[in-house]
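Asks: Taking this note's numbering, I'd label the letters of the sequence shown as residues 436 to 850.
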Amino acid sequence: MKTKAGSRVIFTICVLLIAAFSYIGVYGLNVAGYRVQSFGEVLKRGLDLQGGVSVLQEIQSKKTPSRETLERTKELLSVRVNKLGVSETAVSIEGKNRIRVDIPGKYDSGSINEMLTKSGKLTFVGPDNKTILTGKDVKSAKAYTDDYGKYAVSLELNASGKKKFSDATKKFLGQTISIKMDNEDVTTPPTVESQITNGVAEISGSFTLQKAKELASIIQSGALPVTLKNVETKTVGPTIGEVGVPMSVRAGLVGISLVFLFMLIYYRIPGLLADLALTVFILLVFSAFNVLNVVLTLPGIAGLLLTIGMAVDANVLIFERTKEELRLGKSVRSSVEAGFHRALSSIVDSNVTTIIAGLVLYVMGSGSVKGFALTLVAGTLISMFTAITVTRTLLNLWLNMGIMNKPVYFGVKRG
(Lines of atoms letter the chains of each structure in order from A and count residues from 1; the text may use other names and numbers.)
(Lines give C-alpha, C1' and ligand atoms only; values in the text may rest on other atoms or scores of the structure.)
Protein backbone atom coordinates (compact mmCIF):
# COMPACT_ATOMS: atom_id res chain seq x y z
CA MET A 1 0.00 0.00 0.00
CA LYS A 2 2.90 2.35 0.82
CA THR A 3 4.41 1.61 -2.58
CA LYS A 4 1.11 2.34 -4.31
CA ALA A 5 0.57 5.59 -2.44
CA GLY A 6 4.17 6.73 -3.00
CA SER A 7 3.99 5.94 -6.70
CA ARG A 8 0.75 7.89 -7.04
CA VAL A 9 2.35 10.92 -5.37
CA ILE A 10 5.49 10.73 -7.53
CA PHE A 11 3.48 10.28 -10.73
CA THR A 12 1.20 13.21 -9.86
CA ILE A 13 4.22 15.42 -9.18
CA CYS A 14 5.77 14.37 -12.51
CA VAL A 15 2.60 15.24 -14.43
CA LEU A 16 2.27 18.61 -12.69
CA LEU A 17 5.91 19.47 -13.41
CA ILE A 18 5.53 18.51 -17.08
CA ALA A 19 2.38 20.63 -17.34
CA ALA A 20 4.02 23.60 -15.59
CA PHE A 21 7.17 23.57 -17.70
CA SER A 22 5.09 23.12 -20.87
CA TYR A 23 3.05 26.21 -20.00
CA ILE A 24 6.19 28.26 -19.27
CA GLY A 25 7.82 27.00 -22.45
CA VAL A 26 4.88 28.15 -24.58
CA TYR A 27 3.75 31.33 -22.81
CA GLY A 28 6.55 32.33 -20.42
CA LEU A 29 5.89 33.51 -16.87
CA ASN A 30 6.04 36.78 -14.91
CA VAL A 31 7.11 36.32 -11.28
CA ALA A 32 7.65 39.28 -8.92
CA GLY A 33 8.60 41.58 -11.77
CA TYR A 34 10.93 39.02 -13.34
CA ARG A 35 10.13 37.55 -16.74
CA VAL A 36 10.77 33.87 -17.42
CA GLN A 37 10.89 33.89 -21.21
CA SER A 38 9.18 31.33 -23.41
CA PHE A 39 11.13 29.23 -25.91
CA GLY A 40 9.84 31.45 -28.70
CA GLU A 41 11.47 34.45 -27.01
CA VAL A 42 14.87 32.93 -26.14
CA LEU A 43 15.64 30.75 -29.16
CA LYS A 44 17.83 32.49 -31.74
CA ARG A 45 16.73 32.63 -35.36
CA GLY A 46 18.99 32.33 -38.34
CA LEU A 47 19.34 34.47 -41.43
CA ASP A 48 16.61 32.66 -43.34
CA LEU A 49 14.08 33.28 -40.56
CA GLN A 50 14.66 36.93 -39.67
CA GLY A 51 16.64 38.33 -42.60
CA GLY A 52 20.00 40.10 -42.48
CA VAL A 53 23.27 40.35 -44.36
CA SER A 54 25.41 37.53 -45.76
CA VAL A 55 28.98 38.52 -46.66
CA LEU A 56 31.55 36.30 -48.40
CA GLN A 57 35.18 37.37 -47.89
CA GLU A 58 38.11 36.04 -49.92
CA ILE A 59 41.73 36.00 -48.75
CA GLN A 60 43.99 37.85 -51.16
CA SER A 61 47.19 35.81 -51.42
CA LYS A 62 49.20 34.11 -54.15
CA LYS A 63 49.62 31.07 -51.91
CA THR A 64 46.81 29.01 -50.47
CA PRO A 65 46.45 30.06 -46.80
CA SER A 66 47.07 27.42 -44.12
CA ARG A 67 44.25 26.04 -42.01
CA GLU A 68 45.70 27.83 -38.99
CA THR A 69 45.55 31.18 -40.82
CA LEU A 70 41.93 30.53 -41.81
CA GLU A 71 40.98 29.68 -38.22
CA ARG A 72 42.70 32.81 -36.85
CA THR A 73 40.96 35.01 -39.39
CA LYS A 74 37.63 33.40 -38.61
CA GLU A 75 38.07 34.01 -34.86
CA LEU A 76 39.03 37.65 -35.37
CA LEU A 77 36.04 38.25 -37.63
CA SER A 78 33.81 36.67 -34.96
CA VAL A 79 35.17 39.10 -32.37
CA ARG A 80 34.50 42.05 -34.66
CA VAL A 81 30.99 41.02 -35.59
CA ASN A 82 30.06 40.36 -31.95
CA LYS A 83 30.62 44.07 -31.30
CA LEU A 84 27.30 44.51 -33.09
CA GLY A 85 25.66 42.56 -30.30
CA VAL A 86 24.59 39.80 -32.67
CA SER A 87 25.49 36.61 -30.83
CA GLU A 88 23.76 34.38 -33.39
CA THR A 89 26.14 35.48 -36.13
CA ALA A 90 27.50 32.50 -38.09
CA VAL A 91 31.12 32.70 -39.29
CA SER A 92 32.23 29.72 -41.37
CA ILE A 93 35.09 28.72 -43.66
CA GLU A 94 34.17 27.94 -47.28
CA GLY A 95 36.62 26.25 -49.59
CA LYS A 96 40.35 26.94 -49.32
CA ASN A 97 40.43 30.73 -49.06
CA ARG A 98 36.95 32.09 -48.28
CA ILE A 99 35.06 32.95 -45.12
CA ARG A 100 31.33 33.62 -44.96
CA VAL A 101 29.74 35.84 -42.31
CA ASP A 102 25.96 35.68 -41.84
CA ILE A 103 24.55 38.48 -39.65
CA PRO A 104 20.83 38.11 -38.88
CA GLY A 105 18.81 41.24 -38.19
CA LYS A 106 21.38 43.70 -39.62
CA TYR A 107 20.90 45.38 -43.00
CA ASP A 108 23.63 48.06 -43.30
CA SER A 109 25.89 46.05 -45.62
CA GLY A 110 28.23 48.99 -46.31
CA SER A 111 29.39 49.46 -42.71
CA ILE A 112 29.60 45.71 -42.19
CA ASN A 113 31.88 45.27 -45.20
CA GLU A 114 34.12 48.10 -43.97
CA MET A 115 34.35 46.57 -40.51
CA LEU A 116 35.19 43.08 -41.80
CA THR A 117 37.92 44.08 -44.24
CA LYS A 118 39.95 46.49 -42.08
CA SER A 119 43.19 45.05 -40.65
CA GLY A 120 42.39 45.67 -36.98
CA LYS A 121 44.47 46.84 -34.02
CA LEU A 122 45.41 44.91 -30.87
CA THR A 123 46.35 46.94 -27.78
CA PHE A 124 47.11 46.38 -24.10
CA VAL A 125 45.61 49.31 -22.17
CA GLY A 126 46.27 50.35 -18.57
CA PRO A 127 43.68 51.61 -16.08
CA ASP A 128 44.69 55.16 -17.07
CA ASN A 129 43.41 54.39 -20.63
CA LYS A 130 46.91 54.73 -22.07
CA THR A 131 48.26 52.13 -24.50
CA ILE A 132 51.02 49.97 -23.01
CA LEU A 133 51.64 47.48 -25.81
CA THR A 134 50.44 46.82 -29.34
CA GLY A 135 50.31 43.65 -31.39
CA LYS A 136 53.81 44.39 -32.69
CA ASP A 137 55.22 43.87 -29.16
CA VAL A 138 53.91 40.29 -28.90
CA LYS A 139 56.23 37.43 -29.81
CA SER A 140 53.89 34.49 -29.11
CA ALA A 141 50.74 33.44 -27.24
CA LYS A 142 49.67 29.88 -26.53
CA ALA A 143 46.85 28.15 -24.66
CA TYR A 144 47.93 25.58 -22.07
CA THR A 145 46.91 23.89 -18.81
CA ASP A 146 48.45 25.33 -15.64
CA ASP A 147 49.62 23.49 -12.50
CA TYR A 148 46.08 23.49 -11.11
CA GLY A 149 44.55 21.89 -14.19
CA LYS A 150 42.93 25.12 -15.38
CA TYR A 151 43.20 26.56 -18.88
CA ALA A 152 45.31 29.70 -19.30
CA VAL A 153 47.19 31.66 -21.98
CA SER A 154 50.98 31.98 -21.99
CA LEU A 155 52.16 35.33 -23.33
CA GLU A 156 55.74 36.04 -24.47
CA LEU A 157 56.85 39.53 -25.52
CA ASN A 158 59.67 40.54 -27.85
CA ALA A 159 62.49 42.91 -26.93
CA SER A 160 60.46 46.04 -27.63
CA GLY A 161 57.62 44.93 -25.38
CA LYS A 162 59.65 43.46 -22.51
CA LYS A 163 60.74 46.80 -20.98
CA LYS A 164 57.34 48.45 -21.56
CA PHE A 165 55.51 45.60 -19.85
CA SER A 166 57.94 45.51 -16.93
CA ASP A 167 57.38 49.19 -16.24
CA ALA A 168 53.60 48.86 -16.66
CA THR A 169 53.22 45.83 -14.35
CA LYS A 170 55.26 47.63 -11.71
CA LYS A 171 53.15 50.76 -12.01
CA PHE A 172 49.76 48.98 -12.12
CA LEU A 173 50.44 46.25 -9.52
CA GLY A 174 47.08 45.02 -8.17
CA GLN A 175 45.18 46.74 -10.97
CA THR A 176 43.88 45.49 -14.32
CA ILE A 177 45.31 45.74 -17.82
CA SER A 178 42.78 45.41 -20.63
CA ILE A 179 43.40 43.50 -23.85
CA LYS A 180 41.49 45.16 -26.67
CA MET A 181 40.86 44.54 -30.35
CA ASP A 182 39.68 47.68 -32.14
CA ASN A 183 39.07 49.27 -28.69
CA GLU A 184 36.83 46.39 -27.58
CA ASP A 185 37.76 44.01 -24.75
CA VAL A 186 38.47 40.50 -26.00
CA THR A 187 38.38 39.05 -22.47
CA THR A 188 37.79 40.14 -18.88
CA PRO A 189 40.71 42.47 -18.01
CA PRO A 190 43.32 40.41 -16.08
CA THR A 191 44.72 41.68 -12.78
CA VAL A 192 48.47 42.31 -12.39
CA GLU A 193 49.63 40.08 -9.53
CA SER A 194 53.39 40.83 -9.73
CA GLN A 195 55.92 42.80 -11.76
CA ILE A 196 56.87 40.88 -14.91
CA THR A 197 60.47 41.58 -15.90
CA ASN A 198 61.28 38.66 -18.20
CA GLY A 199 58.60 39.37 -20.81
CA VAL A 200 56.71 36.12 -20.08
CA ALA A 201 53.24 36.34 -18.55
CA GLU A 202 50.24 34.16 -17.84
CA ILE A 203 46.64 35.21 -18.46
CA SER A 204 44.36 33.11 -16.28
CA GLY A 205 40.65 33.11 -15.56
CA SER A 206 37.54 30.96 -15.99
CA PHE A 207 38.58 29.80 -19.46
CA THR A 208 37.40 26.78 -21.38
CA LEU A 209 39.95 25.24 -23.72
CA GLN A 210 38.18 26.80 -26.71
CA LYS A 211 38.13 30.28 -25.14
CA ALA A 212 41.81 30.03 -24.20
CA LYS A 213 42.71 29.04 -27.77
CA GLU A 214 40.63 31.88 -29.22
CA LEU A 215 42.28 34.46 -26.94
CA ALA A 216 45.76 33.11 -27.74
CA SER A 217 45.02 33.27 -31.48
CA ILE A 218 43.77 36.87 -31.26
CA ILE A 219 46.83 37.99 -29.27
CA GLN A 220 49.22 36.01 -31.47
CA SER A 221 47.90 37.45 -34.72
CA GLY A 222 47.56 41.00 -33.38
CA ALA A 223 45.49 41.95 -36.41
CA LEU A 224 44.07 40.16 -39.40
CA PRO A 225 46.92 37.97 -40.66
CA VAL A 226 45.71 38.35 -44.25
CA THR A 227 44.09 40.87 -46.59
CA LEU A 228 40.40 40.28 -47.22
CA LYS A 229 38.32 41.26 -50.23
CA ASN A 230 34.55 41.26 -50.34
CA VAL A 231 33.39 39.04 -53.21
CA GLU A 232 29.69 38.74 -52.39
CA THR A 233 27.16 40.61 -50.27
CA LYS A 234 23.54 39.55 -50.01
CA THR A 235 20.85 41.37 -48.09
CA VAL A 236 18.15 38.85 -47.20
CA GLY A 237 14.68 40.01 -46.22
CA PRO A 238 12.69 38.16 -43.56
CA THR A 239 10.00 37.11 -46.06
CA ILE A 240 11.12 33.47 -46.01
CA GLY A 241 10.81 33.39 -42.25
CA GLU A 242 7.48 35.19 -42.25
CA VAL A 243 6.06 32.43 -44.44
CA GLY A 244 8.22 29.49 -43.40
CA VAL A 245 8.03 29.76 -39.61
CA PRO A 246 4.20 29.79 -39.31
CA MET A 247 3.95 26.95 -41.82
CA SER A 248 6.64 24.94 -40.00
CA VAL A 249 4.97 25.55 -36.63
CA ARG A 250 1.58 24.56 -38.06
CA ALA A 251 3.03 21.42 -39.66
CA GLY A 252 4.80 20.53 -36.40
CA LEU A 253 1.64 20.98 -34.32
CA VAL A 254 -0.47 18.91 -36.71
CA GLY A 255 2.17 16.18 -36.91
CA ILE A 256 2.71 16.01 -33.14
CA SER A 257 -1.05 16.00 -32.49
CA LEU A 258 -1.55 13.09 -34.89
CA VAL A 259 1.32 11.18 -33.28
CA PHE A 260 -0.12 11.80 -29.79
CA LEU A 261 -3.55 10.62 -30.95
CA PHE A 262 -2.17 7.50 -32.66
CA MET A 263 -0.17 6.45 -29.59
CA LEU A 264 -3.18 7.00 -27.35
CA ILE A 265 -5.61 5.02 -29.53
CA TYR A 266 -3.30 2.17 -30.49
CA TYR A 267 -1.38 1.63 -27.24
CA ARG A 268 -3.93 2.99 -24.76
CA ILE A 269 -2.43 3.69 -21.31
CA PRO A 270 1.18 3.03 -22.43
CA GLY A 271 0.47 5.39 -25.31
CA LEU A 272 -0.62 8.08 -22.84
CA LEU A 273 2.64 7.65 -20.93
CA ALA A 274 4.58 7.79 -24.20
CA ASP A 275 2.86 11.09 -24.98
CA LEU A 276 4.03 12.44 -21.62
CA ALA A 277 7.58 11.24 -22.36
CA LEU A 278 7.40 12.89 -25.80
CA THR A 279 6.39 16.17 -24.12
CA VAL A 280 9.45 15.88 -21.88
CA PHE A 281 11.55 15.24 -24.99
CA ILE A 282 10.32 18.43 -26.68
CA LEU A 283 11.00 20.48 -23.52
CA LEU A 284 14.51 19.05 -23.18
CA VAL A 285 15.32 19.64 -26.86
CA PHE A 286 14.36 23.32 -26.73
CA SER A 287 16.19 23.73 -23.43
CA ALA A 288 19.31 22.17 -24.96
CA PHE A 289 19.04 24.49 -27.97
CA ASN A 290 18.94 27.47 -25.61
CA VAL A 291 21.94 26.27 -23.55
CA LEU A 292 23.99 25.44 -26.64
CA ASN A 293 23.06 28.77 -28.31
CA VAL A 294 21.74 26.90 -31.34
CA VAL A 295 20.69 29.21 -34.16
CA LEU A 296 17.39 27.91 -35.47
CA THR A 297 17.00 27.80 -39.25
CA LEU A 298 14.42 26.20 -41.53
CA PRO A 299 16.67 23.13 -42.09
CA GLY A 300 17.15 23.03 -38.32
CA ILE A 301 13.38 22.95 -37.79
CA ALA A 302 13.23 20.05 -40.27
CA GLY A 303 15.89 18.21 -38.24
CA LEU A 304 13.90 18.81 -35.06
CA LEU A 305 10.67 17.43 -36.54
CA LEU A 306 12.59 14.39 -37.77
CA THR A 307 13.89 13.64 -34.26
CA ILE A 308 10.35 13.84 -32.86
CA GLY A 309 9.42 10.99 -35.21
CA MET A 310 12.47 9.05 -34.04
CA ALA A 311 11.49 9.57 -30.39
CA VAL A 312 8.07 8.03 -31.11
CA ASP A 313 9.68 5.18 -33.05
CA ALA A 314 11.65 4.13 -29.96
CA ASN A 315 8.46 3.91 -27.91
CA VAL A 316 6.76 1.88 -30.64
CA LEU A 317 9.63 -0.63 -30.58
CA ILE A 318 9.38 -0.96 -26.80
CA PHE A 319 5.62 -1.42 -26.75
CA GLU A 320 5.61 -3.95 -29.61
CA ARG A 321 8.25 -6.04 -27.86
CA THR A 322 6.18 -5.84 -24.67
CA LYS A 323 3.05 -7.02 -26.50
CA GLU A 324 4.99 -9.97 -27.93
CA GLU A 325 5.96 -11.00 -24.40
CA LEU A 326 2.38 -10.63 -23.18
CA ARG A 327 1.12 -12.90 -25.97
CA LEU A 328 3.52 -15.57 -24.69
CA GLY A 329 1.62 -15.56 -21.40
CA LYS A 330 4.07 -13.63 -19.24
CA SER A 331 3.01 -11.22 -16.51
CA VAL A 332 2.68 -7.53 -17.28
CA ARG A 333 5.69 -6.50 -15.18
CA SER A 334 8.02 -9.13 -16.63
CA SER A 335 6.76 -8.35 -20.15
CA VAL A 336 7.55 -4.66 -19.69
CA GLU A 337 11.07 -5.44 -18.46
CA ALA A 338 11.66 -7.90 -21.31
CA GLY A 339 10.19 -5.43 -23.82
CA PHE A 340 12.66 -2.72 -22.83
CA HIS A 341 15.55 -5.18 -22.83
CA ARG A 342 14.74 -6.59 -26.27
CA ALA A 343 14.10 -3.19 -27.85
CA LEU A 344 17.24 -1.58 -26.46
CA SER A 345 19.66 -2.93 -29.05
CA SER A 346 17.42 -1.86 -31.95
CA ILE A 347 16.96 1.62 -30.46
CA VAL A 348 20.69 2.11 -29.89
CA ASP A 349 21.64 0.78 -33.34
CA SER A 350 19.21 3.01 -35.23
CA ASN A 351 20.06 6.11 -33.21
CA VAL A 352 23.82 5.62 -33.35
CA THR A 353 23.76 5.36 -37.14
CA THR A 354 21.70 8.56 -37.28
CA ILE A 355 24.17 10.31 -34.95
CA ILE A 356 27.12 9.20 -37.10
CA ALA A 357 25.40 10.53 -40.23
CA GLY A 358 24.63 13.80 -38.43
CA LEU A 359 28.24 14.20 -37.27
CA VAL A 360 29.51 13.64 -40.82
CA LEU A 361 27.10 16.29 -42.11
CA TYR A 362 28.21 18.70 -39.40
CA VAL A 363 31.93 18.22 -40.06
CA MET A 364 31.73 18.16 -43.86
CA GLY A 365 28.87 20.61 -44.39
CA SER A 366 28.51 24.34 -43.90
CA GLY A 367 25.83 26.90 -43.15
CA SER A 368 22.31 25.49 -43.08
CA VAL A 369 23.61 21.92 -43.41
CA LYS A 370 25.41 22.34 -40.08
CA GLY A 371 22.20 23.65 -38.52
CA PHE A 372 20.26 20.61 -39.70
CA ALA A 373 22.99 18.25 -38.47
CA LEU A 374 23.25 19.89 -35.04
CA THR A 375 19.52 19.72 -34.33
CA LEU A 376 19.42 16.15 -35.63
CA VAL A 377 22.26 14.93 -33.38
CA ALA A 378 21.04 16.79 -30.28
CA GLY A 379 17.46 15.59 -30.79
CA THR A 380 18.54 12.00 -31.38
CA LEU A 381 20.60 11.87 -28.18
CA ILE A 382 17.74 13.32 -26.13
CA SER A 383 15.20 10.97 -27.76
CA MET A 384 17.28 7.98 -26.63
CA PHE A 385 17.28 9.33 -23.08
CA THR A 386 13.54 9.98 -22.92
CA ALA A 387 12.58 6.65 -24.51
CA ILE A 388 14.87 4.54 -22.32
CA THR A 389 14.59 6.52 -19.07
CA VAL A 390 11.45 8.68 -18.93
CA THR A 391 9.04 6.21 -20.55
CA ARG A 392 10.40 3.38 -18.43
CA THR A 393 10.06 5.40 -15.21
CA LEU A 394 6.46 6.35 -15.97
CA LEU A 395 5.53 2.75 -16.84
CA ASN A 396 7.08 1.43 -13.63
CA LEU A 397 5.18 4.03 -11.59
CA TRP A 398 1.89 2.86 -13.10
CA LEU A 399 2.80 -0.77 -12.44
CA ASN A 400 3.63 0.05 -8.82
CA MET A 401 0.29 1.85 -8.50
CA GLY A 402 -1.44 -1.40 -9.46
CA ILE A 403 -3.44 0.29 -12.22
CA MET A 404 -1.88 -1.26 -15.29
CA ASN A 405 -1.74 -4.94 -14.27
CA LYS A 406 -3.77 -6.45 -17.14
CA PRO A 407 -2.63 -7.20 -20.73
CA VAL A 408 -5.74 -5.49 -22.10
CA TYR A 409 -4.25 -2.13 -21.11
CA PHE A 410 -1.56 -2.78 -23.74
CA GLY A 411 -4.13 -3.79 -26.36
CA VAL A 412 -3.52 -7.55 -25.88
CA LYS A 413 -6.45 -9.88 -25.33
CA ARG A 414 -5.93 -13.39 -23.98
CA GLY A 415 -8.45 -16.11 -24.60
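Even glycine gets a Cβ: it sits at the ideal position worked out from N, Cα and C.
In chain order, what residues of the same chain lie with their CB nearer than 7 Å to the CB of residue 601, ignoring the 5 residues before and after it?
Replies: The residue labelled residue 601 in the question sits at position 166 within the sequence shown. Contacts found: 630, 631 and 632.
Asks: Looking at C-alpha atoms only, which residue of 753, 473, 535 and 444 is the closest neighbour of residue 778?
Replies: Taking the first residue of the sequence shown as position 1, residue 778 is located at position 343. The shortest C-alpha separation from residue 778 is found at 753.
Asks: Return the chain-ordered list of same chain residues with a C-beta closer than 6 Å to the C-beta of residue 755, the five sequence neighbours on each side being excluded.
Replies: On the sequence shown, position 320 is the one that residue 755 refers to. Result list for residue 755: empty, nothing under 6 Å.
Asks: Give the single residue among 488, 524, 685 and 847 whose Cα lies nearest to the Cα of residue 758.
Replies: If you number the sequence shown from 1, residue 758 lands on position 323. With distances taken between Cα atoms, residue 758 lies closest to 847.
Asks: Could I get the ranges of all uninterrupted alpha helix (DSSP H) runs contained in the region 782-848, with 4 residues as the minimum, in chain order?
Replies: Fully enclosed alpha helix (DSSP H) runs of 4 or longer: 803-820 and 826-836.
Asks: So what's residue 462 in DSSP terms, helix, strand or just coil?
Replies: Taking the sequence shown and counting its residues from 1, one reaches residue 462 at position 27. Correct three-state label for residue 462: helix.
Asks: Quick check: the region 690-701 against the region 737-745, are there 3 or more CB pairs under 8 Å?
Replies: Remark: three or more beta-carbon pairs, one from each stretch, lie closer than 8 Å, so the region 690-701 and the region 737-745 are flagged as touching.
Asks: Return the CA-CA distance between residue 449 and residue 483, expressed in angstroms with no decimal places.
Replies: Taking the sequence shown and counting its residues from 1, the one referred to as residue 449 is at position 14. Taking the sequence shown and counting its residues from 1, the one referred to as residue 483 is at position 48. For residue 449 and residue 483, the distance between alpha carbons rounds to 37 Å.
Asks: Residue 524: which of 473, 447, 480 and 572 sits nearest, CA to CA?
Replies: The residue given as residue 524 occupies position 89 in the sequence shown. When each option's Cα is compared against that of residue 524, the closest is 480.
Asks: Below 7 Å CB to CB, which residues in the same chain sit around residue 722 once its five sequence neighbours on both sides are set aside?
Replies: Counted from its first residue, the sequence shown places residue 722 at position 287. Here the set comprises nothing.
Asks: Please identify the residue among 696, 763 and 806 whose C-alpha is closest to the C-alpha of residue 728.
Replies: What you label residue 728 is simply residue 293 of the sequence shown in a count that begins at 1. Nearest C-alpha to residue 728: 806.
Asks: Note down the Cα distance separating residue 611 from residue 626, rounded to an integer number of angstroms.
Replies: Stepping through the sequence shown from its first residue, residue 611 is reached at position 176. Stepping through the sequence shown from its first residue, residue 626 is reached at position 191. Their Cα atoms are separated by approximately 4 Å.
Asks: Please work out which residues of its chain come closer than 6 Å, Cβ to Cβ, to residue 770, disregarding the five sequence neighbours upstream and downstream, and give them in chain order.
Replies: Along the sequence shown, one-based indexing puts residue 770 at 335. Cβ within range, chain order: 757, 760 and 761.
Asks: So residue 537 is in the beta strand (DSSP E); what residue range does that whole segment cover?
Replies: Residue numbering aside, residue 537 sits at position 102 when the sequence shown is read from its first letter. Here the beta strand (DSSP E) through residue 537 covers 533-539.
Asks: Within the continuous alpha helix (DSSP H) that includes residue 596, where are the two ends?
Replies: Working through the sequence shown from its first residue, we reach residue 596 at position 161. Element bounds for residue 596: 594-606.
Asks: Spatial neighbours of residue 471 within its chain, please: CB distance less than 7 Å, with the 5 preceding and 5 following residues excluded, ordered by chain position.
Replies: Here residue 471 refers to the residue found at position 36 of the sequence shown. These residues qualify, in order along the chain: 459, 463 and 464.
Asks: Excluding five sequence neighbours on each side, which residues of the same chain lie with their C-beta closer than 8 Å to the C-beta of residue 815?
Replies: Your numbering for residue 815 matches position 380 in the sequence shown. These residues qualify, in order along the chain: 742, 745, 786, 789, 790 and 793.
Asks: When the Cα atoms are used, what is the spatial distance from residue 809 to residue 488?
Replies: Residue numbering aside, residue 809 sits at position 374 when the sequence shown is read from its first letter. Residue numbering aside, residue 488 sits at position 53 when the sequence shown is read from its first letter. If I take the Cα positions, the gap works out to 22 Å.
Asks: Return the Cβ separation of residue 699 and residue 707 in integer angstroms, given the expectation that the two are a contact with Cβ distance under 8 Å.
Replies: The residue given as residue 699 occupies position 264 in the sequence shown. The residue given as residue 707 occupies position 272 in the sequence shown. That pair is a contact at about 6 Å.
Asks: Output the distance between the C-alpha atoms of residue 519 and residue 833, rounded to the nearest integer angstrom.
Replies: The residue labelled residue 519 in the question sits at position 84 within the sequence shown. The residue labelled residue 833 in the question sits at position 398 within the sequence shown. Low confidence applies to residue 519: its pLDDT is 49, below 50, so where it sits in the model is not reliable enough to give any reading.
Asks: Can you grab the Cα-Cα spacing for the pair residue 725 / residue 642, in whole Å?
Replies: For the purposes of this step, residue 725 is taken as residue 290 along the sequence shown, with counting starting at 1. For the purposes of this step, residue 642 is taken as residue 207 along the sequence shown, with counting starting at 1. Distance between the alpha carbons of residue 725 and residue 642: 21 Å.
Asks: With DSSP as the reference, please indicate the residues paired to residue 750 in a beta bridge.
Replies: Reading the sequence shown from its first residue, position 315 is the one you call residue 750. Paired residue(s): none; residue 750 is not in a bridge.
Asks: My parser needs the beta strand (DSSP E) runs of 3 or more residues fully inside the region 486-510; what are they?
Replies: 487-494
Asks: Helix, strand or coil for residue 665 per DSSP?
Replies: In the sequence shown, counting from the first residue as 1, residue 665 sits at position 230. Of the three classes helix, strand and coil, the one that applies to residue 665 here is strand, per DSSP.
Asks: For residue 683, which residues in the same chain have their Cβ closer than 6 Å to its Cβ, ignoring the five residues on either side in sequence?
Replies: What you label residue 683 is simply residue 248 of the sequence shown in a count that begins at 1. Hits under 6 Å: 736.
Asks: Expressed to the nearest angstrom, what Euclidean distance is found between the alpha-carbon atoms of residue 639 and residue 527?
Replies: Along the sequence shown, read from residue 1 onward, the residue named residue 639 stands at position 204. Along the sequence shown, read from residue 1 onward, the residue named residue 527 stands at position 92. Their backbone Cα atoms lie some 28 Å apart in a straight line.
Asks: Using only the alpha-carbon positions, how far apart do residue 506 and residue 565 sit?
Replies: Here residue 506 refers to the residue found at position 71 of the sequence shown. Here residue 565 refers to the residue found at position 130 of the sequence shown. Looking at the two C-alpha atoms, the distance is approximately 30 Å.
Asks: In chain order, what residues of the same chain lie with their CB nearer than 8 Å to the CB of residue 823, ignoring the 5 residues before and after it?
Replies: Residue mapping note: residue 823 aligns to position 388 of the sequence shown, counting from 1. Result list for residue 823: 749, 775, 779 and 782, in chain order.
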